[in-house]
Structure formats: C-alpha cells, structure tokens
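Read through the structure below, which is laid out as structure tokens, and then see the notes.
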Amino acid sequence: MKTRFEIDSHEYKGQLNLDLTIKSGQTSQPAWLHKDDYFLELVAIEGKQCLIKIRQEYNDLESPLEIFAESSEDVEEDSIRESVMEIFGLNDDLNDLYDFLRKDPKLEPSIDFCKGLRLFKAHNPFECIISSISSANCSIIRWNRSINDIKMKWGEKFKFDSGIFYTFPSPETLRNVPEHDLEEMQRSEDHLSKEFIFEKNLKSCGVGYRAKFIIKAAEMIGNQIDIDKLTKQSYDAAFDSLLQLPGVGPKVADCILLYGFGYRNSFPVDVWIGRIVSELYFNGEEIKPPKARLFGMEKFGNYAGYVQLYMFHYARKSGLLDSLKK
DNA sequence: ACGCAGGGCGATA
DNA sequence: TATCGCCCTGCG
18 MKTRFEIDSH
28 EYKGQLNLDL
38 TIKSGQTSQP
48 AWLHKDDYFL
58 ELVAIEGKQC
68 LIKIRQEYND
78 LESPLEIFAE
88 SSEDVEEDSI
98 RESVMEIFGL
108 NDDLNDLYDF
118 LRKDPKLEPS
128 IDFCKGLRLF
138 KAHNPFECII
148 SSISSANCSI
158 IRWNRSINDI
168 KMKWGEKFKF
178 DSGIFYTFPS
188 PETLRNVPEH
198 DLEEMQRSED
208 HLSKEFIFEK
218 NLKSCGVGYR
228 AKFIIKAAEM
238 IGNQIDIDKL
248 TKQSYDAAFD
258 SLLQLPGVGP
268 KVADCILLYG
278 FGYRNSFPVD
288 VWIGRIVSEL
298 YFNGEEIKPP
308 KARLFGMEKF
318 GNYAGYVQLY
328 MFHYARKSGL
338 LDSLKK
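Take the first sequence: its position 56, counting from 1, is numbered 73 in this note's numbering, and each next residue is one higher.
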C-alpha cells in the first residue's frame, strides 16, 4: 500500500510549525529522521507498521501538509490522517491558546517566538515512557541517541526505498535484555569467540545507571502497570501509578502524562522551568519543584502543558535562559 | 585535563 | 518531612 494525501491548514485551528514541533526536544520520542525536506518515522496504525513521510513548505506555516504513507499491509487513509493529526497536536486550537497567553503579560511575548509550535505526541506510549526515563538527568542528544540505539538493537526491522526503520521493542522484549557487558557475556558463554564485541546490552546504548530502571520498568508494564488503564484514569491517579516505576519521579511522570497520554493539565518542572517560573512570577526568589508544579497546574489549568512548552522555548530563544544560568 | 550539568533514589536526621 | 551525596556521560 502506498498513498499520498494532504492536510489543509483549514482542517486545524491555528498554525503548525512542523520543523519546530519535531525538533523541540519533547520527551515523547526522538526527533523524526530528517531527509530531503521530509520527516520520516515508522508508526503503527490500526496495528500495522506504516512509514509516514511528512513535509511542510519551508517557512510557510499555512501551506498544506504533504503526507506519503507506505506499508506492506493495507491501511485506511482516514486512519493515517487521524494519527498524523493526533501526533502533531493538530486537534489543539492554537488560536485559543494564544488568546489565553495574551491575557498574561509574562506569557504574551512567547507567542512570537513559538508560532506554530505544538505538542508532539508519542505514537508509541511505551517508547515515550522509556524515552522519558532515559531523559532524566541527561541531554536531549544523548537520550535521542539511546532510544535510536535501543530500536536498532531490539526493534523489528522494516525496509523501504527511503531507508531502514525499526520499531521500538515491546515491554516483553526489553525486560529480557542484558543490562551490561558482564551479563551479556555470561548469557552467551557457550558460543563466545575471541573477537566477541559486547554491544547488545542496555548500557551499550549510553543509558548509564538508568539501565536497571528501564529493565525493571519494562517488567512492571503489563504486570502491575497497565498502559491502557493509565490513559483512562484521572490525572492524579495516573500520576501516582507512574511514580511506582523506577526512574520515574514527578518531572518524568508529568512528561509521560503530557507527551505520552495527552494530559494537557500536567506541568513538568525541570531545573529550567523552575528558574523561569521563579524569575517570571516570584521575583527571582527560589521556588522548589513541587511548588512550581502546583503553581503551574493551578494557574494555567488545561493550558499548563502548552505553557510549559512555550515558556521553555521562549526562554531559550529570547536569551532569558542564558541569563538564568549560573 | 577535569569539573559540572541533569532528575531520581536511598540514606540520613 | 526535608536535605544531600551519588549514579553516568558529554561537554566546555
């Protein structure tokens, strides 16, 4: 099955900046592969693996999105369209958001810096959970690399004309992966050659001490923690459930809820958001993360997730972030 | 070279 | 209940 279609800007409210949305470092998933104007990723639609190629005219936030989809199975165009809408936050009304931001003089300037930036939702919730765990105490490039490594080592391989793509492995697969060189060596003792290179273990993906957390989390998902249930729970209940996973604290849980499950009221607080909140709303007085989190959730309500996203990019681009470094 | 940034955890009071 | 040292790696 190969198909091509467009999504016209009239089909969603407000603008979309595809490039900015994909590259903004949201922990839902690594940035999509950028190749000849197109962004590419393998996405499961109706349970079938489907390569999505998407492109937007450079610097034209109003032009129609051009989408190519390709799969060895038949996938309905409507389902692909729905997935794309969901992944790129096209069901969100950015005009509404901007009306909200304009009412707050502290947030108003963020609009110009972030035009068309949308929440980049995970197409694979389990991948989002592992991405978010990997992102803790870690740079964006590093955890992006780790997740791509994990996909290449244990994902299922799919070949297309435009390249080779891998799925993110299932919890069942990931929970059985060796943690480090030693474990990999022990497991393959019987057939070990002199030149054996240890590279099929989690630590070799650069996740560091988070390897243990990832394996344990993969074990718990499907047992104590049911992903489908999480999406149907209240924000508070889902937050508490996620905290049971190793490597998941408040910040990571909020990222998973926002980028993985679409809880728009979550307000993930890392050191930067903490500093920005204290600078903008508390005269620079130090605000502890739990307090900043509650402040954001209460003040911004269902816009909290977007406000967090916009605050960070605004601060980054305006130079505010640099001024807060010390 | 080497010290620091980054979020969560487990030990401590 | 709050505070603090440590975990691993990339970068300046």
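Backbone N, C-alpha and C define an ideal beta-carbon position, used for all residues, glycine too. Only a predicted model underlies this, so the values are computations on that prediction, with no experimental measurement involved.
Item, Value
"Terminal residues of the alpha helix (DSSP H) in which residue 40 lies", "35-40"
"Residue 241 classed as buried or exposed, judged by whether at least 16 other C-beta atoms fall within 10 angstroms", "exposed"
"Cβ separation of residue 87 and residue 18, assumed to be a contact under 8 Å, to the nearest whole Å", "7 Å"
"Residues that DSSP places opposite residue 60 in a beta bridge", "67"
"Inter-residue spacing [alpha-carbon to alpha-carbon] between residue 248 and residue 279", "8 Å"
"Residues bridged to residue 182 (per DSSP)", "175"
"Sequence-distant residues of its chain with Cβ nearer than 8 Å to residue 196 (five each side left out)", "218, 219, 220, 228, 229, 232"
"Coarse secondary structure for residue 93, derived from DSSP in three states", "coil"
"Close-in-space but distant-in-sequence residues of the same chain around residue 285 (CB under 7 Å, 5 per side omitted)", "268, 271, 272, 275, 325"
"Exposure of residue 307, with buried meaning 16 or more beta-carbon neighbours within 10 Å", "exposed"
"Residue 152 and residue 38 closer than 9 Å at C-beta", "no"
"Residue 122, buried or exposed, once every other Cβ within 10 Å from all chains shown has been counted against 16", "exposed"
"Closest residue to residue 139 among 129, 185, 215 (Cα-Cα distance)", "185"
"The segment 175-195 touching the segment 66-77, judged by at least three CB pairs closer than 8 Å", "yes"
"Residue 95 versus residue 132 - alpha carbon distance", "27 Å"
"Local conformation of residue 214 per DSSP, three classes", "coil"
"Residue 124 - DSSP class collapsed to helix/strand/coil", "coil"
"Meets three-Cβ-pair contact criterion under 8 Å: the segment 49-57 and the segment 143-157", "no"
"Contact under 9 Å by Cβ, residue 147 with residue 234", "yes"
"Nonlocal neighbours in the same chain, by C-beta distance under 8 Å from residue 293, ignoring five residues either side", "328, 329, 332, 337, 338, 341"
"Residue burial classification, residue 260 (beta-carbon count within 10 angstroms, cutoff 16)", "exposed"
"Pair within 9 Å by beta-carbon distance, residue 111 and residue 46", "no"
"Cβ-based burial, residue 317 [other Cβ within 10 Å; buried from 16]", "buried"
"Backbone secondary structure at residue 310 - three-state DSSP", "helix"
"Inter-residue Cα distance where the pair is residue 124 and residue 22", "36 Å"
"Cβ-based burial, residue 164 [other Cβ within 10 Å; buried from 16]", "buried"
"Residue range of the beta strand (DSSP E) that includes residue 85", "82-87"
"Burial state of residue 216, where buried means 16 or more other Cβ atoms lie within 10 Å", "exposed"
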